[in-house]
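Below is one structure, written out as structure tokens; the observations come after it.
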Amino acid sequence: MKKIILIIAFLPLLYACKKGCTDSNATNYDYDAKKDDKSCEYSIVTFYAKYSYYNSIPITKVDISVDGNMIGSATAFFPNGPGNCSATGTVSYNFQSGKSVDWNSTIYLSSGATLLGSGTVSPNSSLECIKVCVTN
């Protein structure tokens, strides 16, 4: 009988120490977790080029950086957006935390001119894939 009472007495303590992802911006956020176990997973952002021309001038390349670090070049154009987050010609970035990131794009035109784009994107706990157009 004493063992049962001890087990019942310790059950709330076990629940109070439940480990899991405690970041509400993560895709695997665990509402019941009380202690973060570093298991959080975050959304992926796919940067894509929507337009292949700017004022009738062909776009030759679009470089993309996140928080000042170059992460790749968009090499394909998707007028209706890419079908998924791993479409060829897009550039993907996986959030490392629940914090927003700043992105920049450098759009190269065949005339030799360049255009700049920028924005901020945040992880989304209900979306594994976030699509961002960099040629607006």
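Going by the numbering used here, the letters in the sequence shown line up with residues 86 to 221, in that order. Where is the CB? At the ideal position from N, CA and C, for every residue including glycine. Keep in mind that this is a model prediction, so the values were computed, not measured.
For Cys218, the enclosing beta strand (DSSP E) has its first and last residue at 214-218.
Out of Val176, Lys146, Cys102, Tyr127, the CA that lies nearest to the CA of Asn209 is found in Tyr127.
Around the beta carbon of Ala159, 16 or more other beta carbons sit within 10 angstroms, so the residue counts as buried.
Of all C-beta pairs linking the segment 134-153 to the segment 110-122, fewer than three are shorter than 8 Å, placing the two stretches out of contact. Pro143 is bridged by DSSP to Tyr138.
When the five nearest sequence neighbours on each side are left out, the beta carbons in the same chain lying within less than 8 Å of the beta carbon of Glu213 are those of Thr112, Ser128, Ile129, Cys170, in order along the chain. By DSSP's assignment, Tyr178 forms a beta bridge with Val130. Around the beta carbon of Asp122, a 10 Å sphere encloses fewer than 16 other beta carbons of the protein chains shown; the residue is thus reported as exposed. Note that the segment 170-181 does not touch the segment 194-203; fewer than 3 beta-carbon pairs, one per stretch, sit closer than 8 Å. The beta-carbon distance between Trp188 and Ser150, rounded to whole angstroms, is 7 Å. This is short enough to meet the 8 Å contact definition.
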